[in-house]
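All remarks here apply to the structure that follows.
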Amino acid sequence: MRLRTFLAESMTDAIVQVRAALGDDAIIVSSHENGRGSIEVTAAVETAPRSDGGARPGQKTSSFEQRLEQMLRARLQAPVVPAAQTAPSPDDPFIPFDRSTIGAALEAHAVPAALRSDLLASAVSLDRRDAIAALAGALEARLGFEPLPVRPQAPVMAIGLPGAGKTVTLAKLAARAVVDGAPVDIVTTDTARTGAVAQGEAYAHLIGVHLRRAESIDALSLLLDESNASEGAIQDRSHRPCFIDTASVNPFDRDDFTALQRLTRSARLAAGVEPVLVLSALGDADVSREAAIEFSRLGARRIVATQLDIARRIGPVLAAADATGMSIAQISVTPYLARGLAQMNAYVCARMILNDSTAPATPVSVTRHAGQRP
Numbered sequence: 532m533r534l535r536t537f538l539a540e541s542m543t544d545a546i547v548q549v550r551a552a553l554g555d556d557a558i559i560v561s562s563h564e565n566g567r568g569s570i571e572v573t574a575a576v577e578t579a580p581r582s583d584g585g586a587r588p589g590q591k592t593s594s595f596e597q598r599l600e601q602m603l604r605a606r607l608q609a610p611v612v613p614a615a616q617t618a619p620s621p622d623d624p625f626i627p628f629d630r631s632t633i634g635a636a637l638e639a640h641a642v643p644a645a646l647r648s649d650l651l652a653s654a655v656s657l658d659r660r661d662a663i664a665a666l667a668g669a670l671e672a673r674l675g676f677e678p679l680p681v682r683p684q685a686p687v688m689a690i691g692l693p694g695a696g697k698t699v700t701l702a703k704l705a706a707r708a709v710v711d712g713a714p715v716d717i718v719t720t721d722t723a724r725t726g727a728v729a730q731g732e733a734y735a736h737l738i739g740v741h742l743r744r745a746e747s748i749d750a751l752s753l754l755l756d757e758s759n760a761s762e763g764a765i766q767d768r769s770h771r772p773c774f775i776d777t778a779s780v781n782p783f784d785r786d787d788f789t790a791l792q793r794l795t796r797s798a799r800l801a802a803g804v805e806p807v808l809v810l811s812a813l814g815d816a817d818v819s820r821e822a823a824i825e826f827s828r829l830g831a832r833r834i835v836a837t838q839l840d841i842a843r844r845i846g847p848v849l850a851a852a853d854a855t856g857m858s859i860a861q862i863s864v865t866p867y868l869a870r871g872l873a874q875m876n877a878y879v880c881a882r883m884i885l886n887d888s889t890a891p892a893t894p895v896s897v898t899r900h901a902g903q904r905p
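Position one of the sequence shown corresponds to residue 532 (my numbering), numbered consecutively onward.
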C-alpha cells in the first residue's frame, strides 16, 4: 500500500492533490487541521508489486512513504490511548455537589428532559458531597455499561445508520485484538457501496489483516462455518476474534431494514454473532432513540458511541441506551484508527458530562471523518 501526506488550504484542495498524485482509487486514511491552519491529509492507494519484487514501471518507491507506513504500523502497536480512569482517585479535582450545576451539565449535553429529571433526582437522593460521584451513581443505577472485551468470544457485527463510522470502529476493535497478539478475521458484507471495500481494505492493511468479502447471506454463513471449523469449537473463538462490517441502513426503510434483519438472524444462527450498534453522538436525541429501538430488535445489546469529538455531547447516546436497555460499551473521540477506543462506564460518563478537562472524552481538534473516498 502506498501512503502519502498532503498539505492544503482546504479539504477541497487536498482532495484535488490526492487525486492528481494517487488517482481516483485513493482513500483518505486521516485528516486534520494542523497548528498552522492548513489541512493535513494522509491518503492511501493499493499498489500491486511486480512478481520480481520491484516497483511498477514508471513508479518510484518513496522512502518517505515507506517510513510513513512503518510509523502508522508502529503507532498501532503503541498504547496511544490512555486507559480510561474508571474510578475516583486522590488526584481528581473535587467538584462540590450542586443541583443546578448537574442539571445545567445534563442540559448542555442534550440529555432529554425526562431522563435529565430522573438522573438529577437520583443524584440528589444519593446525598453525596462530590458531584461526579453523585452523577456516576445516578447513571449506574439507570443505565448499563458493558465494554466489549479485547478478544470477544462471539463474532462482532457492526450495524448502524449511515455516517456513524462503523468501518473505522470495527477496525479499531480489530486493532485492539491484534495488538493483544490475537490473529483476527475481518469480514465485510458492505460490497455494493462505492468505495466501501477499498476503505475496509485500507484499514485492514494497516493492521496487517486480510479483509474477507461476503457478498450474500450464504457467503457469510460459509465464512463463519469455515472459521468455526478452523477453531474446532466455539469456546476457542477467543483465540481468533472475528469482526464483521455491514452496509449502513435506514432503520425506518422497511426494505433496507428487512435485508439487515435477515443477515443478522442468519449470522446469529450460524455462529452466535453479536450485533453491536455503532451510534454517532451527532444525532438528534429523538432520532437516535427511535433508531436504537429498531436496531435493538436485531439483537443488539451494546452501543459504541462515535464522533464525540465533533458532537461534544453524549445526550443522544444516553437517550438511545435508556430507551432500549442496551449497554454503552466504548466511545470514540477521534476518527484516527491508531487512537483506538476508550472504555465507558458510569464514572467516565459523569466526568465527561461535568466537563472535567482530564476526562478521556475531552474533545480533540480533529473535525473531519477519516476513511472517506476523495
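The beta-carbon is built from N, C-alpha and C at its ideal position, and this holds for glycine as well.
Name the residue from L553, E571, A551, R550 whose alpha carbon lies nearest to the alpha carbon of L538. By 1-based counting over the sequence shown, the position of residue 538 is 7. Ranking L553, E571, A551, R550 by Cα distance to L538 puts E571 first.
Specify the secondary structure class of Q684 as computed by DSSP and reduced to three states. Translated into positions along the sequence shown, residue 684 becomes position 153. Residue state, collapsed to three classes: coil.
So the alpha helix (DSSP H) S656 belongs to, where does it begin and stop? Looking up residue 656 in the sequence shown gives position 125. Looking at the DSSP string, the run of the alpha helix (DSSP H) that includes S656 is 644-656.
Could you give the distance in angstroms between the alpha-carbon of A639 and the alpha-carbon of Q874? Here the question's residue 639 lines up with position 108 in the sequence shown. Here the question's residue 874 lines up with position 343 in the sequence shown. For A639 and Q874, the distance between alpha carbons rounds to 22 angstroms.
Quick check: what's the CA-CA separation for L813 versus R843? For the purposes of this step, residue 813 is taken as residue 282 along the sequence shown, with counting starting at 1. For the purposes of this step, residue 843 is taken as residue 312 along the sequence shown, with counting starting at 1. Whole-angstrom Cα-Cα distance: 8 angstroms.
Do P782 and T795 have their C-beta atoms within less than 7 angstroms of each other? Residue 782 sits at position 251 when you count from the first residue of the sequence shown. Residue 795 sits at position 264 when you count from the first residue of the sequence shown. Result no, Cβ atoms of P782 and T795 do not sit closer than 7 angstroms.
Classify F676: buried if its beta carbon has 16 or more other beta carbons within 10 angstroms, exposed otherwise. Walking along the sequence shown from the start, residue 676 turns up at place 145. When all chains shown are included, F676 counts as buried.
Closer than 6 angstroms by C-beta to L657: which residues in its own chain qualify, once you throw out the five before and the five after it? Chain order, please. As a first step, residue 657 is located in the sequence shown; it is residue number 126 there, counting from the start. These residues qualify, in order along the chain: A665, G668.
Is P772 near V715, with beta carbons less than 7 angstroms apart? For the purposes of this step, residue 772 is taken as residue 241 along the sequence shown, with counting starting at 1. For the purposes of this step, residue 715 is taken as residue 184 along the sequence shown, with counting starting at 1. Yes; because the gap between Cβ atoms is below 7 angstroms, this pair is in contact.
Which first and last residues belong to the alpha helix (DSSP H) in which I663 is found? Working through the sequence shown from its first residue, we reach residue 663 at position 132. I663 -> alpha helix (DSSP H) spans 662-673.
Taking the DSSP output, what are the residues bridged to C773? Within the sequence shown, residue 773 is the residue found at index 242, counting from 1. Bridge partners of C773: D716.
Can you tell me whether P627 is buried or exposed, with buried defined as 16 or more other CB within 10 angstroms of its CB? Here residue 627 corresponds to residue number 96 of the sequence shown, with the count starting at 1. Exposed: under 16 other Cβ atoms inside 10 Å.
Residue nearest to G568 in terms of C-alpha spacing, selected from S541, A574, G554: Your numbering for residue 568 matches position 37 in the sequence shown. Among S541, A574, G554, the Cα nearest to that of G568 is on S541.
Would the stretch 844-852 count as touching the stretch 682-690 if we require 3 or more Cβ pairs under 8 angstroms? no
What number of angstroms, rounded off, separates the C-alpha of R793 from the C-alpha of V709? For the purposes of this step, residue 793 is identified with residue 262 of the sequence shown, where counting begins at 1. For the purposes of this step, residue 709 is identified with residue 178 of the sequence shown, where counting begins at 1. For R793 and V709, the distance between alpha carbons rounds to 30 angstroms.
Stretch pair the stretch 693-709 + the stretch 750-757: three plus CB contacts closer than 8 angstroms: no
What residue from P643, L651, G739 has the CA that sits closest to S631's CA? The count along the sequence shown starts at 1 and reaches residue 631 at position 100. Considering only alpha carbons, the answer is L651.
Alpha carbon to alpha carbon, what distance is there between I824 and A816? Position 285 of the sequence shown, counted from the first residue, corresponds to residue 816. Position 293 of the sequence shown, counted from the first residue, corresponds to residue 824. The straight-line gap from Cα to Cα measures roughly 12 angstroms.
What residue from T855, T865, I845 has the CA that sits closest to A641's CA? Position 110 of the sequence shown, counting from 1, holds the residue named residue 641. Selected option, being the one with the closest Cα: I845.
Let me check understanding here. Comparing Cα to Cα, which of V809, A801, F826 lies closest to A790? As a working note, residue 790 is residue 259 in the sequence shown. Comparing Cα-Cα distances from A790 to each of V809, A801, F826, the minimum goes to F826.
Range of the contiguous beta strand (DSSP E) that encloses Q861: Within the sequence shown, numbered from 1, the residue matching residue 861 stands at position 330. Segment 858-862, the beta strand (DSSP E) holding Q861.
Buried or exposed for L800, please, with buried defined as at least 16 other CB atoms from any protein chain shown within 10 angstroms of its CB. Your numbering for residue 800 matches position 269 in the sequence shown. L800 is exposed by the Cβ-count criterion.
Beta-bridge pairing of S779 - partner residues as DSSP gives them: The count along the sequence shown starts at 1 and reaches residue 779 at position 248. Answer by DSSP bridge pairing: none, since S779 is not bridged.
Beta carbon of P678 nearer than 7 angstroms to that of Q838: For this step, residue 678 is matched to residue 147 along the sequence shown. For this step, residue 838 is matched to residue 307 along the sequence shown. No, they are not a contact pair.
For V740 and S779, what's the separation of their Cα atoms in angstroms? Along the sequence shown, one-based indexing puts residue 740 at 209. Along the sequence shown, one-based indexing puts residue 779 at 248. Their Cα atoms are separated by approximately 22 angstroms.
Anyone know if the C-beta pair for A662 and I690 falls short of 7 angstroms? Numbered from 1 along the sequence shown, position 131 holds the residue referred to as residue 662. Numbered from 1 along the sequence shown, position 159 holds the residue referred to as residue 690. Not a contact, by the Cβ cut-off of 7 angstroms.
Using only the heavy atoms of the ligand NAD, determine whether one of them is closer than 6 angstroms to the beta carbon of V740. Ligands in the displayed structure: none, and consequently the ligand NAD is not present.
How would you write the range of the alpha helix (DSSP H) that L737 sits in, first residue to last? Locating residue 737 in the sequence shown gives position 206, counting from the first residue. 727-737 is the span of the alpha helix (DSSP H), which, as asked, contains L737.
For A836, list the residues DSSP reports as bridge partners. In the sequence shown, residue 836 corresponds to position 305, counting from 1. DSSP, once it has assigned bridges, lists L810, I862 as partnering A836.
Tell me which residues share the same chain as T855 and place their Cβ nearer than 7 angstroms to its Cβ, disregarding the 5 neighbours each side in the sequence. Working through the sequence shown from its first residue, we reach residue 855 at position 324. Counting only Cβ-Cβ distances below 7 angstroms, and skipping sequence neighbours, we find A823, I824, S827.
Can you round the beta-carbon distance between L885 and V835 to whole angstroms, since I take them to be within the 8 angstroms contact cut? In the sequence shown, counting from the first residue as 1, residue 885 sits at position 354. In the sequence shown, counting from the first residue as 1, residue 835 sits at position 304. Not a contact, Cβ separation roughly 22 angstroms.
Give the single residue among M688, A644, A654, A645 whose Cα lies nearest to the Cα of A877. Mapped onto the sequence shown, residue 877 falls at position 346. Here the closest residue by C-alpha is A654.
Is L872 helix, strand or coil by DSSP? The sequence position of residue 872 within the sequence shown is 341, counting from 1. Note: L872 maps to coil in three-state DSSP.
If I measure Cβ to Cβ from A745 and keep anything under 6 angstroms in the same chain, skipping five residues before and after, which residues do I get? Mapped onto the sequence shown, residue 745 falls at position 214. Once the five neighbours on either side are set aside, the close Cβ partners of A745 are V718, T720, L751, L754.
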